[in-house]
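Have a look at the structure below before the remarks.
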Amino acid sequence: MGAIKKIYTAVIEGGKKNPNLSSDLIKEWLPAEEAFYKKCIEIGKINLSKLSDKELIALHDQFVKVTLSKNSTSSIIDGFALGTDQMIADKIRVVYDKHPVKDKMRFTEVFSTLTAPVHLSFINEAEIGLLKVALKVQKHSKDKKKLLEEHQKKFFWTRNNYVDAHVLRVKYFEKELNKILKVKKDIKEELERVENTPKENKKNKDKLMKELKLYKELKFLIKTSEDFTYWQDERKKGTFWTAHYASQLLEEIGKRVDIPAHNLKYMSPREVSKIFENKPNINILKEREKNGVLYWDKEGHEAVYGQECTNIRNAILQEKDILDIDDFRGLTASLGRVVGKVKIVKSAKEIDKVKEKDILVAVMTRPDYVPAMKRAAAVVTDEGGVTCHAAIVTRELGIPCIIGTKIATKILKDDMTVEVNANHGIVRIIRDV
């Protein structure tokens, strides 16, 4: 936690001199983001099979450079979020307990209002784009094919994750469009709701902050959290673009060394740069996938696997005994109270197990969990803070969400019946399996 403390302390201290520190940091980051997207578009236009080995590796190295530049400058987000989520909640609680507002609003409602996102996420933008297509198709159905093709070019990457790339085809978006046309009674009204939610959040937040008369440091923390929520979403969008274009490069490299691109993902960029000089052992790459870790120390970084990996994991992940408990708490990300059956989701491969009105429980959620989140009655996570994916998406969906419980996936089991009371930040087991 020492490194995390250094980061969030530096941000807080910097805020004393510059209240707009978070906005300025994002402005400084934008050139790195622009360079990254420029390189992605360049790669997309190149016939990689026509490049020589030397040219292909040079392009790979350039891509790695712009990707690392974009990601390294934004790493401050994680240190701030991990170090201040509970701090912000505690500081708001102190103000709340002394203010008459407690007579008309629950603390969780105050906390949720003050930490609500005020920018559209890339998931919002994709939804807005498809709703606009739906409106146009309602008026001129003959334009449907062209409109869907344009939408697909903009949002083909939205179901990627941190490992794999899944190119969404026009047929996928046509299916989603047909759902909208079939279900949505007033598409224009829904479009306005999605577009205006961040503005409403901002309006409600500003009104409440004024009423509470928050002191300078707390206002800075809330503003920084709100800016970093936007920044984190932009970074995640870039990560999904990375998955797509890195996969294209690895596919071509893999063909030339006769190793599937999937296995090459378990090499470091430095190793890939030397691949034509030092072809990897595919069995070692498979072992890394099965039980491997990449770790850094003062000497640099190294990929290890097998028993050595197990030893490192055991040293880091020393699990404490979990008591037999009936309820536990976390931070409220989205208000509400529901009862439902638990479904533990460990990866995107398991999202189909979540049925209508189930309680989705995960270590943390990712954008490829969104289809399951749309079916879920509530979401509960082990990790995450007010800037996390689960917090943002559940507010957009209007379903209860409790984050940062630390123990949800260890306590709960599939098909348990639980009550998620996000109004008070409590998960209560009603019936065991």
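Going by the working numbering, the first residue of the sequence shown is number 1233, and it counts up by one from there.
Built from N, CA and C at the ideal position, the CB exists for glycine as well.
Treat the numbers as computed from the prediction; the structure is a model and nothing was measured.
Reduced DSSP category for residue i - H, G, I as helix; E, B as strand; rest coil
| i | result |
| --- | --- |
| Ser1457 | helix |
| Trp1528 | strand |
| Thr1619 | coil |
| Lys1566 | Per the sequence shown, the amino acid found at residue 1566 is Ser instead of Lys. Here Ser1566 sits in strand by DSSP. |
| Tyr1394 | coil |
| His1331 | coil |
| Glu1422 | helix |
| Glu1534 | strand |
| Ile1355 | helix |
| Ile1576 | strand |
| Glu1588 | coil |
| Phe1508 | coil |
| Arg1325 | helix |
| Leu1257 | helix |
| His1372 | coil |
| Phe1388 | coil |
| Ile1289 | helix |
| Asn1513 | coil |
| Ala1547 | helix |
| Tyr1404 | helix |
| Asn1523 | helix |
| Ser1284 | coil |
| Val1489 | helix |
| Arg1666 | Shown here, the chain extends from 1233 to 1665; a query on residue 1666 therefore has no answer. |
| Lys1417 | coil |
| Met1499 | coil |
| Ile1236 | helix |
| Arg1607 | helix |
| Met1337 | coil |
| Ser1307 | coil |
| Leu1399 | Looking at the sequence itself, residue 1399 is Val, so the reference to Leu does not match. Correct three-state label for Val1399: coil. |
| Asn1252 | coil |
Residue i versus the options, residue with shortest Cα-Cα distance
| i | options | result |
| --- | --- | --- |
| Ser1579 | Leu1592, Glu1534, Glu1381 and Asn1495 | Leu1592 |
| Gly1568 | Asp1459, Ala1478 and Val1659 | Val1659 |
| Asp1600 | Lys1589, Gly1276, Lys1581 and Lys1282 | Lys1581 |
| Leu1300 | Gln1464, Lys1249 and Thr1471 | Thr1471 |
| Ala1313 | Leu1453, Ile1631 and Val1402 | Leu1453 |
| Leu1444 | Asn1356, Ala1290, His1331 and Phe1268 | His1331 |
| Ile1513 | Val1611, Asn1523, Asp1529 and Leu1496 | Looking at the sequence itself, residue 1513 is Asn, so the reference to Ile does not match. Ranking the options by Cα distance to Asn1513, first place goes to Leu1496. |
| Val1611 | Lys1403, Ala1623, Cys1633 and Asp1590 | Cys1633 |
| Ile1289 | Thr1542, Arg1520, Leu1367 and Glu1509 | Glu1509 |
| His1398 | Lys1420, Leu1363, Ala1565 and Tyr1477 | Tyr1477 |
| Lys1573 | Ala1535, Asp1584, Asp1646 and Asn1523 | Asp1646 |
| Lys1297 | Leu1283, Ala1267 and Gly1276 | Ala1267 |
| Lys1248 | Lys1448, Gly1524 and Ala1622 | Lys1448 |
| Asn1433 | Ala1535, Ala1348, Glu1588 and Lys1302 | Ala1348 |
| Asp1465 | Leu1367, Ser1307, Arg1338 and Lys1435 | Ser1307 |
| Ala1623 | Ile1643, Arg1598 and Leu1644 | Arg1598 |
| Val1652 | Glu1588, Ser1566, Lys1642 and Arg1627 | Ser1566 |
| Glu1359 | Thr1429, Cys1541 and Arg1338 | Thr1429 |
| Glu1421 | Asp1438, Lys1435, Thr1542 and Ala1366 | Ala1366 |
| Val1395 | His1494, Asp1285, Ile1643 and Lys1437 | His1494 |
| His1656 | Gly1234, Thr1340 and Leu1446 | Thr1340 |
Residues bridged to residue i [DSSP beta-bridge criterion]
| i | result |
| --- | --- |
| Arg1561 | Ile1658 |
| Glu1651 | Val1571 and Arg1660 |
| Thr1613 | Ala1594 |
| Ile1671 | No answer is possible for residue 1671: the residues shown for the chain start at 1233 and end at 1665. |
CB-CB length for residue i against residue j, believed under 8 Å
| i | j | result |
| --- | --- | --- |
| Val1595 | Glu1615 | 6 Å |
| Val1625 | Val1602 | 6 Å |
| Val1489 | Lys1511 | 6 Å |
| Ile1309 | Arg1467 | 7 Å |
| Leu1400 | Leu1380 | With a Cβ gap of about 11 Å, Leu1400 and Leu1380 do not count as contacting. |
| Ile1662 | Thr1649 | 5 Å |
| Lys1575 | Asp1558 | Not really, about 20 Å apart at Cβ, beyond 8 Å. |
| Leu1423 | Leu1352 | About 12 Å separates the two Cβ atoms, so there is no contact after all. |
Nonlocal neighbours in the same chain, by C-beta distance under 7 Å from residue i, ignoring five residues either side
| i | result |
| --- | --- |
| Ser1254 | Lys1455, Thr1456, Asp1459 and Phe1460 |
| Leu1688 | Only positions 1233 to 1665 of the chain appear in the structure, and residue 1688 is not among them; the question remains open. |
| Gly1315 | Ile1236, Lys1237, Ile1239 and Tyr1240 |
| Ile1507 | Ile1485 and Val1489 |
| Cys1620 | Met1596 and Ile1635 |
| Asp1317 | Leu1563, Gly1617, Val1618 and Gly1636 |
| Leu1334 | It should be noted that the sequence gives Lys, not Leu, for residue 1334. Within the same chain, Lys1334 has close Cβ partners Tyr1328. |
| Gly1538 | Glu1519 and Asn1523 |
Cβ-based neighbour list, residue i, same chain, cut-off 6 Å, excluding 5 preceding and 5 following
| i | result |
| --- | --- |
| Leu1440 | Thr1345 |
| Lys1469 | Phe1354 |
| Leu1280 | Glu1484 |
| Gln1384 | Val1402 and Phe1405 |
| Ala1733 | In this structure the chain extends from 1233 to 1665, so residue 1733 is not present and cannot be described. |
Cβ shell of residue i (< 8 Å), same chain only, five flanking positions each side left out
| i | result |
| --- | --- |
| Val1369 | Asp1375, Lys1376, Leu1379, Leu1409 and Leu1413 |
| His1533 | Ser1500, Leu1526 and Tyr1527 |
| His1292 | Leu1481, Ile1485, Pro1501, Val1504 and Ser1505 |
| Thr1305 | Glu1260, Trp1261 and Ala1264 |
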